[in-house]
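The next block holds one structure in the form of structure tokens; read it before the comments.
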Amino acid sequence: MKVAIFDFDGTLFPEETFPLLMSHLKKHPIHFQKYRKFFLKLLPVYVAYKCKLYPEQKMKEYSMWSYIAAFGSSSKAEIEEFFSQIGEMMSQNLSNHMLTRLEQHKKEGYYTMLVSGAYEPLLNSVTSDIYNF
């Protein structure tokens, strides 16, 4: 079996997703109040990371956890709708070069996989129009 593996952040999607997610939460008409909770939880860890007192990988994991934890009592439907909104915007900015390569691999019979540390509802939304991902 031939396999083609595509990374999401910085490859299929040419930017890093986390800054976009932070901005989306901060400016969201319904969930903007969750940004403060997220930011205050993350701030001490981020400062420790910048002072070289906290490892980068652990800071990234903590920031992802803090972000989703800010949605605490939100329903699954609310969270999926939130990620769907930003996913629609992000899907317009996928790398044309990578989409062409993806299509080429599929035509050649490759099994294609997408790898990412991003949230699954976001990935599902961004890639919903891409066949067989």
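Residues in the sequence shown are numbered consecutively from 1019, following our numbering.
Beta carbons: idealized from backbone N, C-alpha and C, even for Gly.
Since the structure is predicted, the reported quantities are computational estimates derived from the model, not experimental observations.
Item to check | Proximity winner among Tyr1137, Thr1145, Lys1045 and Ile1148, relative to Trp1083 (alpha-carbon distances) | outcome: Tyr1137
Checklist entry - From Leu1185 to Pro1073, what does the alpha carbon distance come to, in whole angstroms? => result Given a span of 1019 to 1151 for the chain in the structure shown, any question on residue 1185 remains unanswerable.
Checklist entry - Thr1029 by DSSP, collapsed to three states: which one? => result Thr1029: coil per DSSP, three-state reduction.
Item to check | Ile1048 (DSSP reduced to helix, strand or coil) | outcome: coil
Item to check | N- and C-terminal bounds of the beta strand (DSSP E) containing Thr1145 | outcome: From DSSP, Thr1145 is part of no beta strand (DSSP E); its letter is neither H nor E.
Checklist entry - Just how far apart, CA to CA, sit Glu1126 and Tyr1064? => result 44 Å
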